[in-house]
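Chains as they are written, first to last, in the numbering used here: chain A, 1 to 336; chain B, 337 to 672; chain C, 673 to 994; chain D, 995 to 1316.
As C-alpha cells, the structure follows; a few thoughts come after it.
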Amino acid sequence: MTTTAPAQAAPDTAYRIGLLRQMLRIRRFEERCVELYSATKIRGFMHLYIGEEAVAVGVMSALTPVDAVVSTYREHGHALARGLSMPSVMAEMYGKATGCSHGRGGSMHLFDAGTRFYGGSAIVAGGLPLAVGLALADRMTARPVVTACFFGDGAVAEGEFHECLNLAALWRLPILLCCENNLYAMGTRLDRAQAATNLSERAASYAMTARVVDGMDVLAVADAASDAVAQIRAGHGPYFLELRTYRYRAHSMYDPDRYRDKAEIEQWQQRDPIDALTTHLTDAGELDEATVARLESELADELDAAVEAADRAPVEQVDDLTRFVYRDPAGYGTTG
Amino acid sequence: MTTTAPAQAAPDTAYRIGLLRQMLRIRRFEERCVELYSATKIRGFMHLYIGEEAVAVGVMSALTPVDAVVSTYREHGHALARGLSMPSVMAEMYGKATGCSHGRGGSMHLFDAGTRFYGGSAIVAGGLPLAVGLALADRMTARPVVTACFFGDGAVAEGEFHECLNLAALWRLPILLCCENNLYAMGTRLDRAQAATNLSERAASYAMTARVVDGMDVLAVADAASDAVAQIRAGHGPYFLELRTYRYRAHSMYDPDRYRDKAEIEQWQQRDPIDALTTHLTDAGELDEATVARLESELADELDAAVEAADRAPVEQVDDLTRFVYRDPAGYGTTG
Amino acid sequence: MTQLTYREAVREAIRDAMRRDERVFLMGEDVGPYGGAFGVSLGLLEEFGPDRVRDTPLSESAFVGAGIGAALGGLRPIVEIMTVNFSLLALDQIMNNAATLLHMSGGQFNVPLVIRMTTGAGRQLAAQHSHSLEGWYAHIPGLRILTPATVDDARGMLWPALQCPDPVLIFEHGGLYNVTGDTDGSDVDIDTAAVRRTGRDVTVIAYGGTLATALAAADDLAAEGVDAEVIDLRTLRPLDDATILGSVGRTHRAVIVDEGWRSGGIAAEISARISEQALYDLDAPVARVCSAEVPVPYAHHLEQAALPQPDDVVAAARQAVS
Amino acid sequence: MTQLTYREAVREAIRDAMRRDERVFLMGEDVGPYGGAFGVSLGLLEEFGPDRVRDTPLSESAFVGAGIGAALGGLRPIVEIMTVNFSLLALDQIMNNAATLLHMSGGQFNVPLVIRMTTGAGRQLAAQHSHSLEGWYAHIPGLRILTPATVDDARGMLWPALQCPDPVLIFEHGGLYNVTGDTDGSDVDIDTAAVRRTGRDVTVIAYGGTLATALAAADDLAAEGVDAEVIDLRTLRPLDDATILGSVGRTHRAVIVDEGWRSGGIAAEISARISEQALYDLDAPVARVCSAEVPVPYAHHLEQAALPQPDDVVAAARQAVS
Ligand SMILES: Cc1ncc(C[n+]2csc(CCOP(=O)(O)OP(=O)(O)O)c2C)c(N)n1
Ligand SMILES: Cc1ncc(C[n+]2csc(CCOP(=O)(O)OP(=O)(O)O)c2C)c(N)n1
Ligand SMILES: [Mg+2]
Ligand SMILES: [Mg+2]
C-alpha cells in the first residue's frame, strides 16, 4: 500500500482544462437540480455530489468505453463524467420517457447500456457484488476490461463489502474499487462507524493493492486511477482507491444536517477541487478568465437545453407500467 | 497480536486430569454417536468434533457459570464441556422429550438455559450477531459477564463475521471470539476460501486483540482462554482466539470426504490432543494406566446410562407440535 | 386527547417506553445525532444518551441479530431499520433466529424484540425504497406483525409490543409520518382488527397505508348509495379472523386493499380464509385491490398507477354489489 | 428413455448445458472437489475445470450478486445455494437487484441468471435446513420460480431456464434426489402446469415435493371411489391459471397441497385465484393442505406431523366431495 501518488508526466493543458470542464459541468448541473427540486420538478430522494466532483472526473478519465461502471445513489457526477448525455440524465430526474431509465429510476437509478453504466444502486454496498460479477465475466472470457465500482465509507461496514473484497482478491478480478470516503454515512462520522478507520489498510488486509488519494485533487485522482487501471489491465487483480473527499451539502434533500460543524464544511471548501484546479491552471498560465467564462457559458447552454428538453419531454404511457418486469413476455403471465 | 502463549503457573494435577477427562468424555460420546447413527437412532445432519476436543475443553475451563456460550452445529463438544448433562444431550440426538431442546433441535440445535448455552446454530456465522447482542446487554448493564462465541474458519468469509467484528470492537464488547480453524469449510480448504489466510491478522485489523493458539494442546488453549477472559472481564473489549485444530472425520455423516489426503489426517492425528496430554501427564508422573482405565470405565458408565435413558425416554406429544412457536399464546392465533 | 403527527406519536411511544422501562433502548442507523432517517427519534438522544439511543454502522444483519441477542440477554431492544428493503439484509437473522429460537430450543429462549421499519410507496423513492413487504413477513411463524394505520395506534402499539415475549415487527408507512390525529396516549391492544366505519353492503379490508384509501373509497361509495364497512386489520399476524368473518357474514361481500404485490400477498391469505370459512355467505367473489406486480417506478404517474387507488376500490366494491 | 435419479438428472442437465453453451458455468459452495452438498455436481469439476465449476467461499450475498453481475456481463451463470434457508442471506441481491434491475433501468439490463437451491423437509434436518420458501419467493415480480417434481423435469427444465432472459430460481426438493424416474433428456416447457393424473371428482394441486403426496392420496381416494385429478404446478411464478381453472371447472372442487407454511403461502394465492375466477363453479370451498406453522422440528414424528401427509389430502378431498 502506498499513500502518495507517484510522479507522472504532466498531462497537457487541454486535458487539464477538460477535467476542469467536467467538474464544473457536474457542479452546475447539481446546482440547477437543487432549484428544480424546490420547484418540485424533481422529487424523491436526491443526493448531491457537490464537493466530490474530482473523484468521479478523475476516475472516469482513466477508463475507456469498454470498461464498466457500477455506482451508487449519489451518482449524478459518475453518470455525467462517464458520458451519459445530460438531457437523458436530466429527463430521468424529471421522471420522463426520455430519461436514461425511462422514468423508472429517478435520481438514484441512472442506467445506460451505451456507456456500460450499470446504475444507480440505492442499497448501500449492493453494487459491489454486481461489480464482482461483471469483473468475473471479464476474467473468465479474458477480456481486457476494467469494472470500476463506487461506494462510500459507510458501505465498508456492510457484510457485502467484506465478502466482495475477499472474492475480488481471491479470484484476482479486474476491478477498481473506488471508496469515496467523505467521512460521513448520513449523520454518522467514520469513527463512530468503524473500529479501525483506515479504510485502505482494511482493503489491503484482503491481499490487494490499496492506496489513499486526495479526492479533492482531480489530477491526483486521475493519476492514481490510471496507474490502477494499468495494473488491473496488466492482470494484477483488484485495486482499491480510498478517495478522501467531502460532501458540502446535506446527505439528501431530506437531511437537516445537524450532525457536523459548519466550520468543518468551510474548511473543506477551502480545498474545493474546482477552485484548486482553476487556481493551479491560472497560476501556470494555462487558463485565463476568458476561457473560464467561455466554459461557463457553454455549460449553461448545455444545461438550459437539457432542462428545456426535460420540461418538454413526454412521460411514459401508463399502459407500459409493467413493461420492464420481464424481458420474456411469457413471464408476464401473473394475473395482474 | 501475539502468537505464542505466555508462560503461566502450571495448573495442578487434578485440573489437568479434569481436562483430559472432559476431552475423553467428548471423544467417547461421539464415537458412540457414530454407532447410534448407523443404527438409525440418530438422524439428520451430525457433525463430529473428534480431533478438536482441546478447543472446547480449554475454552470452557476459563468460563464461569454466569458467562454465556454461543455455538455452531458442530457443538456436542461445546455442550458437554459447558456442562450440559450427557443424558439431555443424548436424548436430544434421539429427538426425545427429555432432550435438552425437547426433541426440536437434534444434533445441530442443542440449547440449555441452565448453563447459558444459546445453541446450536446451523447458519454459518449466524451465531455471531446473537453473541454480540448478549455481550451488548452485559455491557449496557455493566455485568461482569463474558460471552464466548464459537465459529469456524469458513464463517470468516461471511458478511456477518465482518459486521460483528466491527461492532464488537467499536462498542468494546465483552466477547470472546473463538475461531476454530480446522483448515476446511466442508470441502473447501482455507486458502481456496480466503485471499488472506491469516485469520488472527484479519481479526486484529478490526482493532481488537487477536492471538493464534495451538488448538491441539488443551493446556495452551486453557491458558490463552483464561488470559483472554481476564482481559475481557477487566473491560478491555473483545478478544479473538484463532484455535488451530483439525477434524479427523468427514464434515458430516453425509460427506464422502473426497477433498483431502488421508496422509494429512494422519499427520494431525500424530498430535492428537488426548494422546498428547496423556503422554505429557504420564511422563510427568501425574497419570498412570490405572487412572486412565478408571476414567474410561466411569465415562463408559455415564455414556451407557445416557444411551439407555435416551432409548427409554418418551417422545414429545404430537399435540405439542406448535407449542413453542410463540411464548405468548395469543400469538398462536393463525388458523392452522 | 392530544393532536400529534404520526411521526410524533411514534417518538412519544418510544420516549414513554424508555421512561417506563430502563431495559428498553433504541438501536439503528442514524437514530442518534441525525434524528432518524425520517426524523422519528429526534430529541431522544438528548434525553437518554448515546447508550440507549444507539447509532449503528451500516450492518443490518449484525445489528438486528444484536437486537435478538440483547433481548436474550434481558434487555428490551427496539431496532430501527430505515426502510423495509434494507431488512432483506437481515432476513437471515429475522427468520432463522428471531422467529425460530424459541422452537429450536424447546421453549427455553424467547426473543422479546421489537423491530420497527418504514414501509410503502407514494413518495417517488423508486424500486429500492418503496416495497410493502409487511404482508410477506406475515408468512413467518414466530413473528407478530403490526401495521399501525392511525396516530393512536402509532402511539399505543409499541408498549404492548414490548411486553410481548416474542419478536414483533412494526411497519410504519412512510406516507403517514406527517398525518395528524388524536391520541390519549394510552396503550392499545395488538390482537384485534378494528371496524373504522360500519356499513351494510360490503366489507372493505385495509391496513397501514391503505386504510386512508379504503376510507376515501367508502365516502365515494356512500355517494353512490353503497354502504361500506371498513376494517383496519392493525395486526397482520396473527390475523383477527373473527372480526373479518363477522363483518363479511353481515355484508356478504369483501374487498381487500393491500399495497403489497398481488400474487402471494396478505390479500390472498385473507381471501382464502374467507372462502374457506364463509363460502356460502358470499354474494360475490372476494376482490383484491393490490399493487401492480412491478418494482415501484419513480415517475409520479407511474407510481400512482402501480398503487391501489380509491377508484380501484370503488370499482371493485361496485362490482361486488352489482 | 433413460432411468436416472433426480440427482443424476440435475447433474446431466448441468453437464449438457455446459457442453452446449460455453457461457454457462456453475458457481456455489463446494460444487467442486466436494461434489456439491447433495452430490449433484459430482464429476463436473473433472470435465469442466475449476473455472466453470467454481467453488465459492461462504459468502451467499456476494456470490449470488456476482452471478447477477456475470449475467449482466454476458455469461449464463448457474448459482447453487446449498439450502433454501441460506438464500435469506442473499435476498437483498435477489429482490433488490436480480428482480429489479430490468425495471429500474428502463428495460436496458436484463439478468439471465439461474439460481438453484435445495428446499423442503422430511430428512430430520430441523429448523434451519428444512424450509419450503419457493411459494414465498413466488411473490416477487421479476422472478420465475420453477419446482421440478419429476426426474424428467429435473433434467429438462434447466436449459429453457438458461434461455430465459430473466432470473429463474429452481427449487429442488431434498427428498427427491434419490428418487428414480425416466427421462428422454429433452427440454421441457417451463410455462405450463401438467395434469399428472386425470380424474373427475376433485382437483388436487401440488408441486415439487408434494406431488408424490398428492398422487399417493389419489390412489387412496380411488380405493374409496373418489376420482382425483392431480395437477403438478411445475412453475410457481407465473402460475398457469388456465390449467388450474380448466380442471376445477370440470371437477368443481380443489385441494391444494403445499409444503410451505399455510398463512400467506402459494396455496393461498391459488385458492384466491380460483375463488375470484370460478366461484360459481365451486361445489365446496377450496381446501389447503399445508405445513403446520412451525419451524420444522427435528424429531421424526413431529416433523412428519408438521408436513402435509397423504391422509390429510384424502381427508380434505373427502370433505370436498361430501
Ligand atoms: C443497506 C442500506 N442501509 C441503509 C441505507 C440508508 N442510507 C442511504 S445512504 C446512507 C449512508 C451511506 O454512506 P456512504 O456509504 O458513506 O455514502 P455517502 O452517502 O457518504 O456518499 C444510508 C445509511 C441504504 N440505502 N441501504
Ligand atoms: C450460511 C450457510 N451457508 C452454508 C452452510 C452449509 N455449511 C454447513 S457447515 C459449512 C462449512 C463451515 O465451515 P467452518 O465454518 O470452517 O466450520 P467447520 O464445519 O469446519 O467446523 C457449510 C458450508 C450453512 N450451514 N450456512
Ligand atoms: Mg460517506
Ligand atoms: Mg472449518
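For each residue, glycine too, the CB sits at the ideal point set by N, CA and C.
query: Spatial distance of H73(A) from A971(C) (CA atoms); result: Looking at the sequence shown, residue 73(A) is not His but Tyr. Cα to Cα, Y73(A) sits roughly 16 Å from A971(C).
query: Residue from W268(A), E308(A) and S107(A) whose Cα sits closest to the Cα of N182(A); result: W268(A)
query: Burial state of Y118(A), where buried means 16 or more other Cβ atoms lie within 10 Å; result: buried
query: is_contact[I305(B), chain C] using C-beta, thresh 7 Å; result: Residue 305(B) lies beyond the range of chain B shown here (337 to 672); nothing can be said about it.
query: Y248(A) (DSSP reduced to helix, strand or coil); result: coil
query: T451(B) and L420(B) closer than 7 Å at C-beta; result: yes
query: Where the region 89-106 of chain A meets chain D: residues whose CB sits under 8 Å from a CB there; result: G99, C100, S101, H102, G103, R104 and G105
query: Straight-line gap, R1014(D) to V1108(D) (C-alpha atoms, nearest Å); result: 16 Å
query: Contact test: R74(A) Cβ vs ligand 1 heavy atom, cutoff 6 Å; result: yes
query: Backbone secondary structure at Y49(A) - three-state DSSP; result: coil
query: Proximal chain D residues relative to Y595(B), where beta-carbon distance stays under 8 Å; result: P1027 and Y1028
query: P510(B) to G573(B) span [Cα, whole Å]; result: 5 Å
query: Cβ-heavy atom distance, A155(A) to ligand 1, below 6 Å; result: yes
query: Pair within 7 Å by beta-carbon distance, V867(C) and I903(C); result: yes
query: Cα-Cα separation, K598(B) to G1029(D); result: 18 Å
query: Neighbour flag for A493(B) against chain D, beta carbons, 7 Å; result: yes
query: Every unbroken beta strand (DSSP E) within the region 607-642 of chain B, with a cutoff of 3 residues, ordered by chain; result: none
query: Buried or exposed by the 16-neighbour rule on C-beta atoms within 10 Å, applied to M429(B); result: buried
query: D856(C) and T923(C) closer than 7 Å at C-beta; result: no
query: Given M359(B) as reference, the closest of R525(B), H383(B), T376(B) and S397(B) once Cα atoms are compared; result: S397(B)
query: Members of the region 1248-1265 of chain D near chain C, C-beta cut-off 7 Å; result: W1255, S1257, G1258, G1259, I1260, A1262, E1263 and S1265
query: Contact check, S437(B) vs G778(C), beta carbons under 7 Å; result: yes
query: Per-residue contacts from T1094(D) into chain C (C-beta, under 9 Å); result: A799, Q800 and P967
query: Under 7 Å between C-beta atoms of R27(A) and E53(A); result: yes
query: Cβ contact (3+ pairs, closer than 8 Å) linking the region 1083-1098 of chain D and the region 120-137 of chain A; result: yes
query: Cutoff 7 Å: N1104(D) Cβ touching any chain C Cβ; result: no
query: Where I378(B) falls: helix, strand or coil (DSSP); result: coil
query: Whole-angstrom distance between H47(A) and M382(B), CA atom to CA atom; result: 51 Å
query: 7 Å Cβ cutoff, L356(B) in contact with chain A; result: no
query: P839(C) at chain B interface by Cβ criterion, 7 Å; result: no
query: Own chain, CB closer than 6 Å to P820(C), minus 5 neighbours either side, in chain order; result: A826 and M829
query: Which listed residue (R569(B), E411(B) and S562(B)) has its alpha carbon closest to that of G456(B); result: E411(B)
query: Cβ-based burial, M995(D) [other Cβ within 10 Å; buried from 16]; result: exposed
query: G152(A) CB to nearest heavy atom of ligand 3 below 6 Å; result: yes
query: Which of helix, strand or coil DSSP assigns to L1020(D); result: strand
query: Under the three-state DSSP convention, the category A1132(D) falls into; result: coil
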